[in-house]
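Right, here's the structure in full:
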């Protein structure tokens, strides 16, 4: 019990220190695709997912969450991102009695982009892409505490230039005495760059993220998630999401990012900035999740995930 309290206290203190810092590094980090959410369910809940144990795609937010997935899944996702970017992911997990494993991959690609030289002359096209492959390990160390780690290799390419790196995520999930609650803490994207974009070997800053989440079940059919996080190069973020099962085969979801004011520019769609909506459809061994997220004048992001359980 003392170990559990020490781990949780240390993690919370580390998060608080990070949240209290004033960010002077906006726009200075690389490997930004690490901040993209590849889970349609997480997107529908506004990204409030760090305490969402028991879902096969929750390890993107907290690797400790994988342990409560008691079935084997193959899960795929697709995301229609900004400015013609498209991406997706694939996951395979293997649960165990006290520990669980998963393998996964993610990608995003820009498609063809016009290329101009310094004189404004068109020299054809180029593309940009990001690829990530990783593995997750999660283990129960106490009836009230689960730990987990993601290890990932990533490559970022722009035209003929590329950079590679390795990174890890660390997380814990705590089950309080109140069984309606779940607490999640995570540190994501602790990385080391291997290959650099230029000969100068300028290290790209990683979007290291500290996150804390709370899940509360109002009933067997309705629960809410809360989240606070701080990523390098960004201000403090927070979100809330609600999931309601309206039928054994159907659930509706909604979320809101409380820090969405940066996406508001005075347009008629400002009120939708930071909002997200979605649903889940369950049929036999299949789960289909869909989400649409509003970003003000930037537009909308559509995501879909398909899971199959063995």
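Numbering (the working numbering), first residue to last: 441 to 750.
We put the CB at the ideal spot given by N, CA and C, even for glycine.
Determine the closest residue to residue 529 out of 546, 730, 522 and 700, with distance taken between C-alpha atoms.
Nearest neighbour of residue 529 by Cα position, chosen from 546, 730, 522 and 700, turns out to be 546.
Can you list, in chain order, the residues of its chain whose CB lies under 7 Å from that of residue 740, leaving out five sequence neighbours each side?
732, 733 and 734, listed in sequence order.
Out of 727, 609 and 519, state which residue places its alpha-carbon closest to the alpha-carbon of residue 476.
Nearest C-alpha to residue 476: 519.
For residue 669, I'd like the list of residues in its chain whose CB is within less than 6 Å of its CB, leaving aside the five on either flank, ordered along the chain.
Cβ neighbours of residue 669 within its own chain (closer than 6 Å, five residues either side excluded): 649, 651 and 677.
Per-residue burial, residue 558 [other beta carbons within 10 Å of its own, 16 or more giving buried]:
If you draw a 10 Å sphere on the C-beta of residue 558, you find fewer than 16 other C-beta atoms in it, and that means exposed.
Below 6 Å CB to CB, which residues in the same chain sit around residue 511 once its five sequence neighbours on both sides are set aside?
Within the same chain, 749 come within 6 Å of residue 511 by CB-CB distance, once the 5 residues on both sides are set aside.
List the endpoints of the continuous beta strand (DSSP E) containing residue 481.
No beta strand (DSSP E) contains residue 481, which is instead part of the alpha helix (DSSP H) from 480-484.
Between the alpha carbons of residue 566 and residue 590, how many angstroms are there, rounded?
Going from the Cα of residue 566 to the Cα of residue 590 covers about 32 Å.
Check this for me: beta carbons of residue 610 and residue 598, under 8 Å apart or not?
No, they are not a contact pair.
Given this structure, state the Cα-to-Cα distance separating residue 721 from residue 689, to the nearest angstrom.
Spanning the two alpha carbons is a distance of roughly 6 Å.
How many angstroms separate the CA atom of residue 473 from the CA atom of residue 560?
Residue 473 and residue 560 have their C-alpha atoms some 28 Å from each other.
So is residue 515 buried or exposed if we call it buried at 16+ other beta carbons inside 10 Å?
With 16 or more other Cβ atoms within 10 Å, it is buried.
Cβ neighbours of residue 461 in the same chain (closer than 7 Å, five flanking residues each side left out):
For residue 461, the pLDDT reaches just 45, beneath the cut-off of 50, and the residue's location in the model is therefore unreliable, leaving the point undetermined.
Check whether residue 679 and residue 696 have beta carbons under 8 Å apart
A contact, by the Cβ cut-off of 8 Å.
Looking at the strands, I want to know which residues DSSP matches up with residue 582.
Paired residue(s): 585.
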